[in-house]
Each structure stands twice: as C-alpha cells, then as structure tokens.
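S.K.: Residue numbers (this note's numbering), protein chains in the order written: chain Y, 203 to 376; chain E, 203 to 376. Here a beta-carbon is modelled for each residue, glycine too, at the ideal position from N, C-alpha and C.
2 protein chains.
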Amino acid sequence: MFKEAFRTVGHMNDEPRWLTAEEQLVWRSYIEAATLLEDHLDRQLQRDAGMPHVYYGLLVKLAESPRRRLRMTELAKYAKITRSRLSHAVARLEKNGWVRREDCPSDKRGQFAILTDEGYEVLRRTAPGHVNAVRQAVFDRLSPEQQKSLGEIMRIVAEGLQPSEAGADLPWLR
Amino acid sequence: MFKEAFRTVGHMNDEPRWLTAEEQLVWRSYIEAATLLEDHLDRQLQRDAGMPHVYYGLLVKLAESPRRRLRMTELAKYAKITRSRLSHAVARLEKNGWVRREDCPSDKRGQFAILTDEGYEVLRRTAPGHVNAVRQAVFDRLSPEQQKSLGEIMRIVAEGLQPSEAGADLPWLR
DNA sequence: CTCCATTACTTGAACTCTCAATCTCTATCC
DNA sequence: GGATAGAGATTGAGAGTTCAAGTAATGGAG
Chain Y
203 MFKEAFRTVG
213 HMNDEPRWLT
223 AEEQLVWRSY
233 IEAATLLEDH
243 LDRQLQRDAG
253 MPHVYYGLLV
263 KLAESPRRRL
273 RMTELAKYAK
283 ITRSRLSHAV
293 ARLEKNGWVR
303 REDCPSDKRG
313 QFAILTDEGY
323 EVLRRTAPGH
333 VNAVRQAVFD
343 RLSPEQQKSL
353 GEIMRIVAEG
363 LQPSEAGADL
373 PWLR
Chain E
203 MFKEAFRTVG
213 HMNDEPRWLT
223 AEEQLVWRSY
233 IEAATLLEDH
243 LDRQLQRDAG
253 MPHVYYGLLV
263 KLAESPRRRL
273 RMTELAKYAK
283 ITRSRLSHAV
293 ARLEKNGWVR
303 REDCPSDKRG
313 QFAILTDEGY
323 EVLRRTAPGH
333 VNAVRQAVFD
343 RLSPEQQKSL
353 GEIMRIVAEG
363 LQPSEAGADL
373 PWLR
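Following this line, the structure appears as structure tokens:
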C-alpha cells in the first residue's frame, strides 16, 4: 500500500518491498470486506440480540463448553481477545444476566464465566438469525472450493499471528 | 455456529440451515484470523505511527487522491466507514496536524479533508514498517494461488455487503 | 419565489476497547 | 517457611465507535 506516492522519492535502496499492484488489490479487498462484514454482523446482532458480535461469540464459546463454563483466561484465549477486554465484556454481560461469575475452587485467583439460562435463551432465540446473516454475507456467495480455500488461508494467517502455539511451554526451542 | 447445542431441541421444522461442520471450521478460522490480524496491525501502527489502522488507511486514501484531498463523504465511502466515525477521526487527525479541513467552494455544506505535509511525512516514515507487517502476517505466508483466491473471495463478500453499488442511482431497478 | 424533502456534515452521550497499573494468589527457590 | 517472580483477573482513564439528533445548505416542485 502507498507505493506510487514514494516511487520517485527514496534512493538509499534499502527500499522496502512494496506490495505489487495485484497484492494491493488483494489487500484492499480484504480490508474492505473485513470492515463491511464485521460492521454488518455487529449491527445485525446489536439489533436482534442487543450485543456486539464479539460478545455473541463469547456466549457461543460458553454454550459449547462443558457445564457451560470457562475460566476467564481460557475464554480470552479462545476468543482471541485480551483478558482486560474480556473482563469488561463479562461485566457487561453479567449486568444483562446472560453470564455469571463463580470462583474457581482449586485456584483462588481464578474465575469461571458461566452462561446463565437466560443467556442460553438469548442464544437460542437469536442464533438462527445470525447464522442466516453469515450465510447470506459469506457462504451463499462462495463455491465449495472457495470456502475450502478461505478456510485454509485464514488458518494459515491465524497461526502466524498466534502468540506461539506450539512449543509455547518450551521457550528454549523457539 | 452453535449447532449441536440445539440439534435436539426444535421440531417445528422451519429449522434454520445451520452451518455444516466444515463451514463452522472455515468461519471460526476467518473470525480468528480477522481478529488477530486487525489487532496486530492496530498495535503495530499505534506503536510506530501513533494511530489505529483505520486512521492510517484514511491518510493513505488522501495521499493517493488528486491534490491530496477528498470530500468527507467520498472518503467515508472509500474507507467503508460511517460519516460520523469519519468526522470524529478527522477531528483527531486534525489535532495531530496530519489533516486539515477546507470548505468546498461549490457546495457550502461540503468539506474537504486534506493531507498536510506533516501527515504525508508520517506516512513516508511509517509506510515501510507497515507494509512489512502486512507482508509478514499475510502475503509471505500465502502461495500466489492463495493470494489470488483470497482477493476473489473478499471481493465477492465486499460486493455483497456494499450498500447497492450498481444501480444505486436507479432505485427502481433494484 | 417559497416550501420542504434531501444531502452533507457534526455533535454528544453511551458504550467499547486499550493500556498501564493494581491486587491477590500460586509456585519456586533456598 | 519466607521471599519473590509470575499468573489470573480487575480497574480506571483515555481513546475510539455508534446511534440518534442536530444544523445548515441544496435542489426541485409548484
């Protein structure tokens, strides 16, 4: 991005590897789609479920977990957000009565976030509409090959950004 | 998302079309990668350029525009954000001295956002680092075919979410 | 020329997110 | 067992975003 504007400027020739024209187009498309999509889903869920997309994701993770509960740090890890952000989010969801906290008996520092029945009910009511929105925006528009491809690509990108998944507990191997 | 939990519940059989197992994996990968990526770039730019990714994008659009200026609405359209959001953003960028506003002579309601020399300088200084971050996170990890594929896919998704691009001025055709 | 629906943009309040503390508890080292 | 580095989680302040409501100018229609 931002190649042409500088082409005639620098001559120290440690010129950075600017994106090619094709790469720029790809990147632009990605940014646009990601922005529009997140926006779209945020609005859809804000309207129909009274929460942003991230919060909805948290409820889903909890619903999928044994006993509908997860330690805060676990939940943060799964949702790819910071603990701080999660703290604020859970505080809000707690206020809504969709999540409650419970102390971890084995580690007094720990907290469980637990999906309440009310929270589960919200999911049950709004999940169909949300799946539908996702379908309409994404899956209904892509061929099976494209869907597969998208999955592979995004898995690669995600892994590259993961705070060292494999060997995370073996730091000397890095 | 959130399929299994309900499989045994509803029997009115207007059952929504839940995502298949494969679709769920794709969707999960997408969300994770998009979250991690936007986060990563936000941090990178906040650290090196003192602004979030969206703001950086605004400066880039301005830099690419004739006379380094764009009407507010145009800029908002290109960046896929609301006018409100843009107003706040430009206010901030103005405070930094990276953008200034100017009245539109032909339409007294209109405003130009204009990239200042200082703003241009910030871009010049920080663009290489940012391109590098994007390469590392995305392009260096994908094969040419995957890059091409990503571009096509995201273009399709973006077009589907566009507030009616084609025929936007011919509403009766919709 | 006068309405007035529409367009361009801004504003403020409520909400969300980030970042840098902070607090408590755990585990390790000797 | 006492010191202390680190882990788990929260907090508050500042920055960014959304949403609804606002101001001001435009462009027809009659």
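If we call anything under 8 Å between Cβ atoms a contact, is His-332 of chain Y one with Leu-363 of chain E?
M.R.: No, the pair does not count as a contact, with Cβ atoms beyond the cut-off.
S.K.: At the level of alpha carbons, what is the spacing between Val-292 of chain E and Asp-309 of chain E?
M.R.: Approximately 19 Å between the Cα atoms of the pair.
S.K.: Please state whether DSSP places Ile-316 of chain Y in a helix, a strand or coil.
M.R.: Ile-316 of chain Y falls in the strand class under three-state DSSP.
S.K.: Quick one: what's got a C-beta closer than 8 Å to Thr-318 of chain Y's C-beta in the same chain, skipping five residues either side?
M.R.: Taken in chain order, the residues that qualify are Gly-299, Trp-300, Val-301, Arg-302.
S.K.: Taking contact to mean at least 3 C-beta pairs separated by less than 8 Å, is the segment 215-228 of chain Y in contact with the segment 261-281 of chain E?
M.R.: Not touching, per the Cβ criterion.
S.K.: Using a C-beta cutoff of 8 Å, does Asn-298 of chain Y count as contacting chain E?
M.R.: For Asn-298 of chain Y, the answer is no, since every Cβ of chain E falls outside 8 Å of its Cβ.
S.K.: Below 8 Å, how does it come out for the segment 281-289 of chain Y and the segment 229-247 of chain Y: are there three or more Cβ pairs, yes or no?
M.R.: Result no; under three Cβ-Cβ pairs closer than 8 Å.
S.K.: Please report whether the beta-carbon of Ile-358 of chain E lies at a distance below 8 Å from any beta-carbon of chain Y.
M.R.: For Ile-358 of chain E, the answer is yes, since a Cβ of chain Y falls inside 8 Å of its Cβ.
S.K.: Using beta carbons (cut-off 8 Å, strictly below), is Gln-349 of chain E in contact with chain Y?
M.R.: Closer than 8 Å: yes.
S.K.: Using the rule of at least 16 other Cβ atoms within 10 Å of the residue's Cβ for burial, across every protein chain shown, is Ala-223 of chain E buried or exposed?
M.R.: When all chains shown are included, Ala-223 of chain E counts as exposed.
S.K.: Could you compute how far the alpha carbon of Met-274 of chain Y sits from the alpha carbon of Asp-305 of chain Y?
M.R.: Those two C-alpha atoms are separated by around 11 Å.
S.K.: What residues of chain E sit near Ser-231 of chain Y, judged by a beta carbon separation below 7 Å?
M.R.: Going along chain E in sequence order, the residues near Ser-231 of chain Y (Cβ under 7 Å) are Gly-353, Met-356, Arg-357, Ala-360.
S.K.: Any idea which residues DSSP pairs Arg-273 of chain E with across the strands?
M.R.: E:Phe-314, per the DSSP bridge assignment.
S.K.: What are the partner residues of Asp-305 of chain Y, as DSSP defines its beta bridges?
M.R.: Beta-bridge pairing links Asp-305 of chain Y to Y:Gln-313.
S.K.: Which chain Y residues are close to Val-340 of chain E, counting only those with a beta carbon under 7 Å from its beta carbon?
M.R.: Within 7 Å Cβ-Cβ: Val-359.
S.K.: Tell me whether Glu-225 of chain E is buried or exposed, calling it buried when 16 or more other Cβ atoms sit within 10 Å of its Cβ.
M.R.: Counting Cβ neighbours within 10 Å, Glu-225 of chain E comes out buried, since at least 16 surround it.
S.K.: Would you mind giving the Cβ-Cβ distance between Val-359 of chain Y and Arg-343 of chain E, rounded to the nearest angstrom? I have them listed as a contact below 8 Å.
M.R.: Indeed, because the Cβ distance is near 7 Å, the residues count as touching under 8 Å.
S.K.: Nearest-angstrom Cα distance between Met-253 of chain E and Pro-307 of chain Y?
M.R.: C-alpha separation (whole angstroms): 42 Å.
S.K.: Have a look at Glu-234 of chain E and Glu-320 of chain E and give me their C-alpha separation to the nearest angstrom.
M.R.: Taking the straight line from one Cα to the other gives about 36 Å.
S.K.: Contact defined as beta carbons within less than 8 Å: I believe Leu-277 of chain Y pairs with Leu-288 of chain Y. What is the distance between those atoms, to the nearest angstrom?
M.R.: Right, the Cβ-Cβ distance comes to about 6 Å (below 8 Å), so this counts as a contact.
S.K.: Determine the extent of the alpha helix (DSSP H) in which Leu-238 of chain E is found, giving its start and end residues.
M.R.: Per DSSP, Leu-238 of chain E belongs to the alpha helix (DSSP H) from 223-251.
S.K.: Where does Asn-298 of chain E fall in DSSP's three states?
M.R.: Looking at Asn-298 of chain E - three-state DSSP - the assignment turns out to be coil, as it is neither helix nor strand.
S.K.: Identify the contact partners of His-242 of chain E in chain Y, using a Cβ-Cβ distance below 7 Å as the criterion.
M.R.: Per Cβ cutoff of 7 Å: Leu-363.
S.K.: Nearest by alpha-carbon distance to Ser-345 of chain Y: which of E:Ser-345, E:Ser-351, E:Pro-346 is it?
M.R.: Per the Cα distances, E:Ser-351.
S.K.: For the alpha helix (DSSP H) containing Leu-264 of chain E, list its first residue and its last residue.
M.R.: Taken as a continuous stretch (DSSP letters only), the alpha helix (DSSP H) holding Leu-264 of chain E covers 255-266.
S.K.: Going along the chain, which residues of the segment 325-339 of chain E sit with their C-beta nearer than 9 Å to a C-beta in chain Y?
M.R.: Residues passing the 9 Å Cβ filter: Leu-325, Arg-326, Ala-329, Pro-330, Gly-331, His-332, Val-333, Asn-334, Val-336, Arg-337, Gln-338, Ala-339.
S.K.: If you drop the 5 nearest sequence neighbours on each side, which residues of the same chain put their C-beta closer than 8 Å to that of Asp-250 of chain E?
M.R.: Hits under 8 Å: Thr-328, Gly-331, His-332.
S.K.: Could you tell me which chain Y residues have their CB closer than 8 Å to the CB of Glu-320 of chain E, listed as they occur along the chain?
M.R.: Result: empty, since nearest Cβ-Cβ is about 15 Å, beyond 8 Å.
S.K.: Select from E:Leu-247, E:Leu-227, E:Trp-229 the residue whose C-alpha is nearest the C-alpha of Leu-325 of chain E.
M.R.: Measuring from the Cα of Leu-325 of chain E, the nearest candidate turns out to be E:Leu-247.
S.K.: Can you give me the C-alpha to C-alpha distance between Val-262 of chain Y and Gly-353 of chain E, rounded to a whole angstrom?
M.R.: Rounded to the nearest angstrom, the two C-alpha atoms are 29 Å apart.
S.K.: Pull up the distance between the alpha-carbon of Leu-260 of chain E and that of Arg-311 of chain Y, whole angstroms please.
M.R.: If I take the Cα positions, the gap works out to 43 Å.
S.K.: Please check if any C-beta of chain Y sits within less than 8 Å of the C-beta of Val-228 of chain E.
M.R.: Taking Cβ atoms only, chain Y reaches closer than 8 Å to Val-228 of chain E, which makes this a yes.
S.K.: Ordered along the chain, which non-local residues of its own chain (more than five positions away) have a Cβ less than 6 Å from that of Asp-244 of chain Y?
M.R.: The answer, listed in chain order, is Pro-254, His-255.
S.K.: Kindly indicate the opening and closing residues of the alpha helix (DSSP H) around Ser-345 of chain Y.
M.R.: No alpha helix (DSSP H) contains Ser-345 of chain Y, which DSSP labels as neither H nor E.
S.K.: State the DSSP-derived secondary structure class of Arg-357 of chain E, mapped to helix, strand or coil.
M.R.: In this structure, Arg-357 of chain E counts as helix in the three-state DSSP scheme.
S.K.: Apart from the five residues just before and just after Leu-372 of chain E, which ones in its own chain have a Cβ nearer than 8 Å to its Cβ?
M.R.: With a pLDDT of 43 at Leu-372 of chain E, under the threshold of 50, the predicted position of this residue should be treated as unreliable, though the coordinate-derived value follows. Nothing listed; no residue qualifies.
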